[in-house]
Amino acid sequence: MSRRTRDWEVDDPPPTPLRKVLRNRVQPRKLALGITSIASCQTPRPARRALCNGLVPQQVPNRNGREDVCVGPASRWPRTRQRLRDLRQYGETHLDLCLHQVMGPDDWIPLRHTDLRVSRIGLGSSFGVSPDDIELAFDLGINYFYWGSIRRPEFGRGIRNLARRARDQIAVVLQSYARWPAPLMRQRFESGLRRLGLDHADILLLGWHNRRPPQAILDEAFALRERGLVRYLMMSGHNRPFFPEMAREEIIDLFMVRYNAAHRGAEHDVFPHLPTDAQRPGICAYTATRWRSLLDPKRVLPGEAVPTAADCYRFCLTHPDVDMVLCGPANTQHVREACNALEKGNMDPEEMDWMRRVGDHLYGRTPVVKLLD
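The opening residue of the sequence shown carries number 571 in our numbering; numbering runs sequentially from there.
So this is what it looks like as structure tokens:
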């Protein structure tokens, strides 16, 4: 027996067969699969082909007729006994989450000023979430992925994995902070596309502009759009009164606006002054947890409950002018919290008042961010 075959043997008995999964709940999400009774298979190649194709039949009997199936991202495919056991456990958890999810493509919203349909929560790449968790987020109904400010390779791998099986169902955002020379912005953008293995991005984000971007930068962005390398343009910044002014030019489709329970200036500086017709741009809120300071028990007003990340996301999403909110997960638990926010939905007035009290107490008290309050 070859070393390769021995690596796939399993000494412990296969786990209890996974409960029968309705095809119409799982197959549309195209989860990867792994046959747990690897010892009965002469080669893992058939299972590997199934993984690569993203197929999830209702049952996958092995050579002995068992139906022990583990569900999980293809990148979790094991090469050792321990990893095989890990896959079983991860697969059970992954499948259980997906069977109980409340979000799916039917729940995605039309993103204003675009023809995109997106989840109301998007994932950012800065905090090191793994490729597996990116795929889990998609299987739980999140389809907006923002590669930047920090283009972590793991996040890029997650996008590549998703694009191979569901490119038309995900919205990919690439960001550039480039100012001069203007061609540097184009080069950075095209480099990002190559690293992701994509022929286009859905959104190009021009990052941190507190005044009108230089015309040379805008010209490069327009040229990328004309070439079909990007579909829509977005802009972020911290000069709130400037957003409505820029929106009136009708050259930017979306704005990323800093908004959270402590930092509510957009409620009077931005949202009321945006166009009210079909030209109204889409709004993505970010820094929902105020760099996690809203989650810190030491900084919360004594006697008040400490918000969770899900509470912070729900606060943003409850405002009628916010289309979606960006989160920065670092692990599986953070992804689950984001999905929990979607499941709970908007806050009621009492919850909103509580979040405002927490935010008012915190406003201006954190040295790292108070200059931006």
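The beta-carbon is built from N, C-alpha and C at its ideal position, and this holds for glycine as well.
Quiz item: By DSSP, does V892 sit in helix, in strand, or in coil?
Solution: coil
Quiz item: What three-state label does DSSP hand Q849 in the structure shown?
Solution: coil
Quiz prompt | 7 Å Cβ shell around G698 - same chain, five flanking residues per side excluded | solution = R722, E724 and A900
Quiz prompt | Among H904, D881 and E913, nearest to D923 - alpha-carbon criterion | solution = D881
Exercise. Give me the Cβ distance between I822 and P867, rounded to the nearest whole Å; I'm assuming they're in contact under 8 Å.
Key: Going by Cβ atoms, the distance from I822 to P867 rounds to 39 Å, so no, they are not a contact pair.
Quiz prompt | Helix, strand or coil at H931 according to DSSP, with G and I counted as helix | solution = helix
Quiz item: Under the rule that 16 or more other beta-carbon atoms within 10 Å means buried, what is G557, buried or exposed?
Solution: Absent from the model: residue 557. The displayed extent of the chain is 571 to 943, so no value can be given.
Quiz item: With respect to the alpha helix (DSSP H) encompassing M805, which residues constitute its N-terminal and C-terminal limits?
Solution: Element bounds for M805: not the alpha helix (DSSP H) but the beta strand (DSSP E), V800 to G807.
Exercise. Measure the C-alpha to C-alpha separation of F792 and E874 and round it to an integer number of angstroms.
Key: 49 Å
Quiz prompt | Distance between L824 and M755 (C-alpha atoms, nearest Å) | solution = 18 Å
Quiz item: With respect to the alpha helix (DSSP H) encompassing Q745, which residues constitute its N-terminal and C-terminal limits?
Solution: It is not in any alpha helix (DSSP H) - Q745 instead sits in the beta strand (DSSP E) that spans A741 to S746.
Quiz item: Closest by CA to D847, which one among A908, H779, L744 and D891?
Solution: D891
Exercise. Decide if E780 is buried, meaning its Cβ has at least 16 other Cβ atoms within 10 Å, or exposed.
Key: In the sequence as displayed, the identity of residue 780 is Asn instead of Glu. Exposed, because fewer than 16 other Cβ atoms sit within 10 Å of the Cβ of N780.
Quiz item: Rounded to a whole number of angstroms, what is the C-alpha to C-alpha distance between P751 and E815?
Solution: 25 Å
Quiz item: Below 8 Å between beta carbons: does that hold for L774 and L794?
Solution: yes
Practice problem: Please list, in chain order, all residues of the same chain as V840 whose beta carbon is under 7 Å from its beta carbon, the five residues on each side excluded. | Solution: R810, F813, P814 and V827
Quiz item: Out of curiosity, what's the CA-to-CA distance linking R906 and M917?
Solution: 18 Å
Exercise. Return yes when the Cβ of W778 is within less than 8 Å of the Cβ of S806, no when it is not.
Key: yes
Self-check item: Alpha-carbon to alpha-carbon, G728 and W717
Solution: 10 Å
Practice problem: Along the alpha helix (DSSP H) that carries M816, what are the first and last residues, could you check? | Solution: F812 to A817
Exercise. Give me whichever residues DSSP pairs with W717 in a beta bridge.
Key: L744
Quiz item: What is the DSSP secondary structure of A733, reduced to helix, strand or coil?
Solution: helix
Quiz item: What are the residues that DSSP puts in a beta bridge with F825?
Solution: M805 and I853
Exercise. Select from D893, W861 and V743 the residue whose C-alpha is nearest the C-alpha of T878.
Key: W861
Quiz item: With respect to the alpha helix (DSSP H) encompassing A771, which residues constitute its N-terminal and C-terminal limits?
Solution: Where A771 is concerned, there is no enclosing alpha helix (DSSP H), although the beta strand (DSSP E) it sits in stretches over A771 to L776.
Quiz item: Between S696, R749, T888 and Y802, which lies nearest to P784 when the distance is taken from Cα to Cα?
Solution: R749
Quiz item: Count the other CB atoms within 10 Å of the CB of R884; is the residue buried (16 or more) or exposed (fewer)?
Solution: buried
Quiz item: Quick one: Cα of H683 to Cα of Q849, how far?
Solution: 6 Å
Exercise. Tell me, to the nearest whole angstrom, how far the beta carbon of A858 is from that of C886; I am working on the premise that it is less than 8 Å.
Key: 5 Å
Quiz item: L803: which of V742, A832 and L844 sits nearest, CA to CA?
Solution: V742
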